[in-house]
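Read left to right, the sequence shown gives residues 1 to 200 (the UniProt record's numbering).
Note that CB positions come from ideal geometry on N, CA and C, so glycine has one too.
Since the structure is predicted, the reported quantities are computational estimates derived from the model, not experimental observations.
Working notes, structure below.
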Amino acid sequence: MVSGAGSNMAALLEASTDPAYGAAVVAVGADREGTEGIARAERAGFATFVTPFSKFADRAEWNAELAERIGAYEPDLVVSAGFMRLLGPEVLNRYTVINIHPALLPAFPGAHAVRDALAYGVKITGATVHIVDEGVDTGPVIDQVAVRVEPGDDVASLHARIKTVEREMLVDVVGRLAREGWTLRDRDVRLGSGPASTHE
Ligand code: GAR
C-alpha cells in the first residue's frame, strides 16, 4: 500500500522477482489517485488498485472497502510502504499489516517523523518496521536500523539517507517473514495464518 513516490514499494517489487526471495507482490494499492507509486507498479506490470479516501463518507466505510479490495488478491501480508492513512479494524482484523516508519519508534511517531527528529535535535534517528495496530505507529517492533544525523542535515537530506536504509530493511524483513516467520513479544508471526495479534 502506497500514498506517494513508492520507492520502498519499488524495492519490494524488484526483490520479489527473484523466486528465492520467498515473497511475491500480488498487487499494489493506494488511497488516492495519481500517485507515482501506482504508476511505477503499473510500469513494472503489477496489478494495482486505488481506494480513494476522499470518496468515502467516513473512515469505517473506506476501511471496509479497502479490506474488500485487498481481499481480492488474498495476500498473506499487507505492507504499508509510505501509506499515510490510519487503518481500522476492518482491515487489521483480517490481515497482518506491517509498516515502515522513518524514525526509531517509539520516538517520533506520525506523519512528520524526520522533521520532528531534526527539530528535537537528536543525533541518531533511523527507521523501524513494525506490526500495525490501531494506534499511530504503536505496534510491536520487528526491526530497526539507526541513522546518524549529520551536521547541516535538512529534512530532505536526512530523509534520503533514512530511505536508503528503509528499503534494505523492508526487503530483508518481508523476505524473512515469508521464509522463516518472526517471533515478537513471545508470539510467532507466520504468514498465511491470519492477522497478527498485537494484544498482550
Ligand atoms: C518513507 O520514508 C516511509 O517511512 C514514510 O514515508 C516515506 C515513503 O517513501 N512513512 C511514514 O512517514 C509513515 N508514518 P516512499 O513512498 O518513497 O516509499
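Cutoff 7 Å; reference residue i; Cβ partners in own chain excluding five residues on either side
i: Leu-105; result: Thr-128, His-130, Asp-137 and Val-141
i: Leu-177; result: Leu-77, Val-189 and Leu-191
i: Val-25; result: Leu-12, Leu-13, Ser-16 and Phe-46
Length of the line joining the Cα atoms of residue i and residue j
i: Pro-151; j: Thr-96; result: 39 Å
i: Ala-20; j: Arg-43; result: 23 Å
i: His-112; j: Leu-158; result: 12 Å
i: Arg-69; j: Val-28; result: 11 Å
i: Glu-90; j: Ala-156; result: 34 Å
i: Asp-154; j: Asn-8; result: 21 Å
i: Ile-124; j: Val-149; result: 6 Å
i: Glu-200; j: Arg-185; result: Here the model assigns Glu-200 a pLDDT of 44, short of 50, so the residue's position is not dependable and the matter cannot be decided.
The ligand GAR heavy atom lying under 7 Å from the CB of residue i
i: Ala-44; result: no
i: Gly-6; result: yes
i: Glu-166; result: yes
i: Asp-137; result: yes
i: Ala-81; result: yes
i: Val-171; result: no
i: Ala-113; result: yes
i: Val-2; result: yes
i: His-130; result: no
Member of the options whose CA lies at the smallest distance from the CA of residue i
i: Val-174; options: Ala-15, Gly-6 and Gly-37; result: Ala-15
i: Leu-170; options: Val-78, Trp-62 and Val-149; result: Val-78
i: Ala-67; options: Leu-87, Ala-57 and Ile-38; result: Leu-87
i: Trp-182; options: Asp-143, Pro-109 and Val-114; result: Asp-143
Residue j beta carbon less than 8 Å from that of residue i
i: Thr-51; j: Asp-31; result: yes
i: Ala-146; j: Gly-126; result: yes
i: Pro-195; j: Asn-63; result: no
i: Ser-80; j: Met-1; result: yes
i: Gly-34; j: Gly-6; result: no
Own chain, CB closer than 8 Å to residue i, minus 5 neighbours either side, in chain order
i: Thr-17; result: none
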